[in-house]
Each structure stands twice: as C-alpha cells, then as structure tokens.
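Just so we're aligned, residue 6 is where the sequence shown starts under the numbering used here, counting upward by one.
Working notes for the structure below.
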Amino acid sequence: RLKVTPSITSPETMQLKVAVEVSSIDMANSVTVSGFEIPALQTRRSEATLNVRNGQSLLIGGLLQKDISKVSSKIPLLGDIPILGQLFRSTKFINGETELVIMITPDLVKPTAEQTVAKTQPDTAKTK
C-alpha cells in the first residue's frame, strides 16, 4: 500500500508525506486451527516527509527482505526406508533477498483558462 499526501508550500515546491506498507505471507509463523494451517502476515512499513520541486523525481528504497527457504525432496517409497532412505532424499536451502524501490514524480496541475473563467462567471443555469 502506498499513501502520498501532498501539501503545496510555494508555487514551485511541495511537501509530500509518503507512507509505504508491504505485506507478505509468513509460513514460518503460521498457526494450525482444526487441522488447517493459517499463514501469518509479515508487514514492513516506512514513512517519510519530503520537500520536492514541481516535476522533480524522488526515489524511496530500503524496504529489504531476506528469505531463507528449505526445500526437501525424495524418491517416493525409497526415501521412506529407514537408514537407506537418506540416499534417496535431498534438502537444499534457498536464500533470497528483495528490495522495494519506489519512484515518485509529483506534478502540480495548474487550472486551464476555461476553468479560471468558469470560476469567475456567475452560474447562469439557475431557475427563477
């Protein structure tokens, strides 16, 4: 989830309050209820308040996540034999790392001439 709250500080600059939240399934902390495994959620959050010029890009990074997975495989039946079954099984660990990077380019939208004229003219559609 990304939430950006802009505030205009001058005709060419603005202040942005940026809140980022990333959730992912965490099977390592899952709970078993009535025989069903319910995964937990792992949430990472970051908040920042930044001053930027109109049209200036900003880059937000640093929401790092490291994952270590254990994957086991075996040959059916042969992998279940006591002692000898170890010859027909394998276990490997997979390391993963992700980083979330967000690029924001705010652009101040100025009213067009038509919008300015519409604001200054009285409403002519009123009924008597």
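Here a beta-carbon is modelled for each residue, glycine too, at the ideal position from N, C-alpha and C.
Of the residues LEU89, SER39, PHE98, ARG58, the one whose Cα lies closest to the Cα of ILE73 is PHE98.
Assignment of LEU113 by DSSP, reduced to helix, strand and coil, places it in the coil class. Secondary structure note for LEU55: its beta strand (DSSP E) is the uninterrupted segment 41-58. Of all alpha-carbon atoms in LEU7, PHE41, ARG58, the one lying nearest the alpha-carbon of VAL25 is that of LEU7. In chain order, VAL25, VAL27, ARG49, SER51, GLU104, LEU105 place their CB closer than 7 Å to the CB of LEU68, counting only its own chain and leaving out the 5 sequence neighbours on each side. Collapsing the DSSP output to three states places LEU105 in a strand.
Comparing alpha carbon positions, the residue from LEU83, SER35, GLY84, ASN56 closest to THR14 is ASN56. For the options GLN20, VAL36, MET32, the alpha carbon positioned closest to that of SER62 is the one of GLN20. Shown here, GLN91 sits in a helix according to DSSP, grouped into three states.
LYS79 is not a Cβ neighbour of THR54, given a cutoff of 8 Å.
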